[in-house]
Amino acid sequence: MLLLGTSGPFGKFIDLPVPLTIGIRAAMAFFLLFVYCKWRGISFRLRRQDVFPILLSGFLMCIHWISYFKALQLSNVAIGMLSLFTYPVITAFLEPFFLKTKFQAIHLVLAILVLFGIYFLVPNFSFDNGHTIAIGIGVFSAFCYAVRNLILKTKVDKYNGSILMTYQMIIVTVLLLPVYFMYDLVEVSDQWQGLVGLVVITTALGHTMFVNTFKYFSITTVSIISCIQPIYGIIIGALFLSEIPTWTTLLGGTMILISVIIESIRSYR
Numbered sequence: 708m709l710l711l712g713t714s715g716p717f718g719k720f721i722d723l724p725v726p727l728t729i730g731i732r733a734a735m736a737f738f739l740l741f742v743y744c745k746w747r748g749i750s751f752r753l754r755r756q757d758v759f760p761i762l763l764s765g766f767l768m769c770i771h772w773i774s775y776f777k778a779l780q781l782s783n784v785a786i787g788m789l790s791l792f793t794y795p796v797i798t799a800f801l802e803p804f805f806l807k808t809k810f811q812a813i814h815l816v817l818a819i820l821v822l823f824g825i826y827f828l829v830p831n832f833s834f835d836n837g838h839t840i841a842i843g844i845g846v847f848s849a850f851c852y853a854v855r856n857l858i859l860k861t862k863v864d865k866y867n868g869s870i871l872m873t874y875q876m877i878i879v880t881v882l883l884l885p886v887y888f889m890y891d892l893v894e895v896s897d898q899w900q901g902l903v904g905l906v907v908i909t910t911a912l913g914h915t916m917f918v919n920t921f922k923y924f925s926i927t928t929v930s931i932i933s934c935i936q937p938i939y940g941i942i943i944g945a946l947f948l949s950e951i952p953t954w955t956t957l958l959g960g961t962m963i964l965i966s967v968i969i970e971s972i973r974s975y976r
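Here it is in structure tokens:
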């Protein structure tokens, strides 16, 4: 969660068109993950019935990343990250339909607590200017992310998380190949520090570890625990981007932490 929490600050720090940023991110991450899987001797073979779900998850990952980074550009780290973290609520309602699990009332309670935390975390919450659009895009990104996670949940028992991420990265890379002809690539060299950090820390390490956790927890549990990410992101944003949180941010962060602690204790038991 700490590694994934860097996504917001990196997304805000990198000053490139969103599709270009995501295209470069996916291509570089694919290269790193491919080399790692070859080094570890992990098989790339997929069962025929798993090809379409993995292709669909890669498509959803592409839409999720683009919409999430667009929300970051239209607002700030706090609003961008926190609008995305409506996805535990979406996941709690979708998981029983996708995975035929029993709906648990405690997940609804914790999801509501997270929503209240998100409300207080967002500084100067209002529905004007670009923030309204950013929140809407962020919620759409959350939906794509939730569905993608639920699809991968059904595959992690068959495949290594690194392989699943490798396939997702090649899908995103192929989908975004046209952007290399649509934008000026001269400015890319000036953003290499942020891109390398985003690729190595957030994507290759963070997302691969995240997918591997699907083997041990329900997707709802993982999504609720991951709500600590915005807190990490806001702290990093305050330290490196001078985006100082308000007292309402601290209040919202406390509410989210409470839900994380409760779900962590339940998962451990």
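Note that my numbering has the sequence shown beginning at 708, numbered continuously upward. Ideal Cβ positions, reconstructed from N, Cα and C, are used throughout, including at glycine. Owing to the predicted nature of the structure, the values given are computational and were not obtained by experimental measurement.
- Excluding residues up to 5 positions away in sequence, 711 lie with their Cβ nearer than 7 Å to the Cβ of residue 917 in the same chain.
- Distance from the CA atom of residue 816 to the CA atom of residue 953, rounded to whole angstroms, is 26 Å.
- Taking 8 Å as the cut-off, the beta carbon of residue 794 is found closer than this to the beta carbon of residue 930.
- A residue is called buried once 16 or more other Cβ atoms fall within 10 Å of its Cβ, and residue 925 is buried on that count.
- Pairwise C-beta distances place the region 906-916 out of contact with the region 846-859, as fewer than three of them are shorter than 8 Å.
- DSSP places residue 896 in the helix class (H, G or I) of the three-state scheme.
- In this structure the region 747-763 does not lie against the region 807-821, because fewer than three pairs of beta carbons, one per stretch, are closer than 8 Å.
- Boundaries of the alpha helix (DSSP H) harbouring residue 767: 755-781, taken from the DSSP string.
- Judged by DSSP in its simplified three-state form, residue 976 adopts coil rather than helix or strand.
- Per the coordinates, the alpha-carbon of residue 804 lies some 12 Å from the alpha-carbon of residue 927.
- Residue 972 counts as exposed, since fewer than 16 other C-beta atoms from the protein chains shown sit within 10 angstroms of its C-beta.
- Our two residues, residue 964 and residue 935, have alpha carbons roughly 6 Å apart in a direct line.
- Judged by beta-carbon spacing, residue 709 lies beyond the 8 Å limit of residue 866, meaning their Cβ atoms are not closer than that value.
- Scanning 768, 857, 902, 920 for the CA closest to the CA of residue 717 turns up 902.
- Here residue 962 has 820, 823, 824, 827 as same chain residues with Cβ atoms under 7 Å from its own Cβ, once five neighbours each way along the sequence are excluded.
- Annotation: the continuous alpha helix (DSSP H) that includes residue 919 extends over 915-919.
- For residue 848 against residue 791, the beta-carbon gap comes to about 6 Å, under 8 Å, which counts as contact.
- For the pair residue 773 and residue 729, the CB atoms are nearer than the 8 Å cut-off.
- Considering only 735, 809, 880, the residue with the shortest C-alpha distance to residue 766 is 880.
- Residue 873 counts as buried, since no fewer than 16 other beta carbons sit within 10 angstroms of its beta carbon.
- The beta carbon of residue 890 lies closer than 7 Å to those of 724, 727 in the same chain, with the five residues before and after it left out.
- If you check the CB distance, residue 785 and residue 970 do not come in under 8 Å.
- Measuring C-alpha to C-alpha distances from residue 761 to each of 788, 896, 859 identifies 859 as the nearest.
- For residue 732, the enclosing alpha helix (DSSP H) has its first and last residue at 725-747.
- In the structure shown, residue 752 falls within a coil segment according to DSSP collapsed to helix, strand and coil.
- Restricting attention to 811, 808, 878, 750, the CA atom closest to the CA of residue 737 is found in 878.
- With a cutoff of 8 Å on beta-carbon distance, residue 769 and residue 871 are scored as not near each other.
- Nearest to residue 967 by C-alpha distance, out of 937, 751, 948, 946, is 937.
- The continuous alpha helix (DSSP H) containing residue 789 extends over residues 784-791.
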